[in-house]
Amino acid sequence: RFLGIHGLFLFVIASFLLYQARGTFKELVWGLRDNGPDSTVPGITWLRVCVAGGILAAVFFGAAGFWNVALLFVFLTLAGMVAWRIFASQDEDRPFEIVPLVLLGLALLIGIGVDLVRVEGDIGRMNTFFKYYLEIWVLLSIVSAYMLWHLGSSGFLRPSIGWRSGAWLVVLVVLIGSSLIYTALGSRARISDRFTDGPSTLDGAAYMSEALHQEQEQPLELKWDQEAIRWIQDNVEGSPVILEAHLVQYRWGARFANYTGLPTVIGWPWHQIQQRAAYSYAIQDRAEDVKEMYETTDEERALELLRKYRVKYVVVGDLERIVYGGEGLGKFENLARKVFENQGTAIYEGRWN
């Protein structure tokens with residue numbers, strides 16, 4: 142999986158590190174001879190110790206079944222060899238080349254940490270992987286872009302290299318092409334999965350003006366909610382609590398909270414259930430209270446719950462009529478002042494606080 146996600150970047154990085162460390166390999170080998178030409182290279186002994194340590198670490202973790210960690214230790218060792226060569230050159234124009242190596246080292250250490258450190262309570266380790274792998278992906282993409290440029294500018298791809306250069310380019314093109322499959326097909330699939338085929342826009346709510354949604358096998362025109370949402374955006378100040386329908390994930394519930402940023406009694410419940418499993422009962426309690434606030438015909442009980450959650454605005458739209466229905470929705474005409482109404486959605490401002 143690690144290679145599947147980061148393989149393109151690692152191929153470029155490995156090529157750069159091996160190309161830059163080719164002279165260092167010779168120095169390590171010659172340094173083992175008493176009279177070798179590089180036996181007096183400063184720091185060669187420490188480099189040999191570090192390389193041996195990196196190889197041993199890779200072998201150890203590979204034998205233990207941590208193949209990602211073993212691979213990353215190999216890369217870390219190669220990066221250390223290149224860094225040593227830069228410092229040993231004493232070239233004043235080269236220190237900046239350490240920056241991409243530092244970024245690479247950070248990405249490698251994060252990858253090692255993800256495999257060796259486990260945070261309890263993370264279901265399937267999903268949060269650990271997708272959050273940290275994102276940082277690794279960004280770092281490796283930056284580093285590999287620089288290293289690809291450096292390989293080209295240093296003559297690695299010059300025609301005189303012959304078939305090796307050609308084979309390397311073929312592999313690179315295949316990797317780039319395969320990495321673009323999702324970009325092309327995934328984007329197309331995502332664009333086609335829309336309510337309407339409207340014009341291109343930066344307005345993330347524009348689709349609602351023409352969208353027709355099915356909720357419990359009943360049609361729901363979203364344009365009425367869109368008008369109500371815009372009214373709240375234009376007229377409501379502060380952060381008052383909104384009461385609106387609660388549904389399961391990936392439905393039309395909590396749409397006013399989503400599009401206005403105002404708090405609601407309960408919105409998307411899953412992450413709270415996932416991360417605070419011991420208090421999941423509180424999520425269910427809120428969902429039941431929302432249902433009761435809409436369905437009850439007991440005005441005193443409704444007021445008790447509305448005050449409990451400090452609700453200021455109540456939404457009664459087509460969604461609430463579909464989900465809750467019944468006579469309970471009519472009580473808000475007595476309990477609150479209607480401040481907005483169109484053909485499908487009404488908003489009431491509470492008098493109880």
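Note that the working numbering has the sequence shown beginning at 142, numbered continuously upward.
Beta carbons: idealized from backbone N, C-alpha and C, even for Gly.
All values reported here derive from a predicted model rather than from experimental measurement.
Remark: C-beta atoms of G203 and A193 do not approach each other more closely than 8 Å.
In this structure T405 touches I383 by the C-beta definition: roughly 5 Å separates them, less than 8 Å. In chain order, A386 place their CB closer than 6 Å to the CB of V464, counting only its own chain and leaving out the 5 sequence neighbours on each side.
Around the C-beta of K453, 16 or more other C-beta atoms lie within 10 Å, and the residue is accordingly described as buried.
Distance between L169 and A198, taken at the CA atoms: about 19 Å.
In this structure, E351 sits away from L460, with a CB-CB distance that is not shorter than 8 Å. Looking at the DSSP output, L244 bridges to nothing.
Cα atoms of L281 and Q416: separation of roughly 30 Å, rounded to the nearest angstrom.
Excluding its 5 nearest sequence neighbours in each direction, C191 has C-beta neighbours in its own chain below 7 Å: G221, listed in chain order. When secondary structure is reduced to three states using DSSP, R235 falls in the coil class, being assigned neither helix nor strand. Comparing alpha carbon positions, the residue from R331, L476, Y287 closest to F237 is Y287. When DSSP states are grouped into helix, strand and coil, L363 belongs to the coil group. A straight line joining the alpha-carbon of P340 with that of I332 spans about 12 Å. Between G458 and T486, the C-beta gap is smaller than 8 Å, which places the two residues in contact. Counting only the Cα atoms, W208 lies some 46 Å from T337. With a contact defined as Cβ atoms closer than 8 Å, Y489 and F473 qualify at about 5 Å. Ranked by Cα distance from N399, the first of I370, Y420, E378, A423 is I370. Annotation for Q355: the continuous beta strand (DSSP E) segment containing it runs 353 to 356.
Within its own chain, the residues whose Cβ lies closer than 6 Å to the Cβ of G252, once the five positions on either side in sequence are excluded, are L213, I277, listed in chain order. With 16 or more neighbouring CB atoms inside 10 Å of its own CB, V223 falls in the buried class. Membership of Y450 in any beta strand (DSSP E) is not indicated, and neither H nor E is assigned to it by DSSP. Taken in chain order, the complete alpha helix (DSSP H) segments of 4 residues or longer contained in the stretch 414 to 492 are 421 to 436, 440 to 449, 459 to 464, 473 to 476. If the five residues before and after L247 are omitted, its C-beta is found closer than 7 Å to the C-beta atoms of L280, all from its own chain and listed in chain order.
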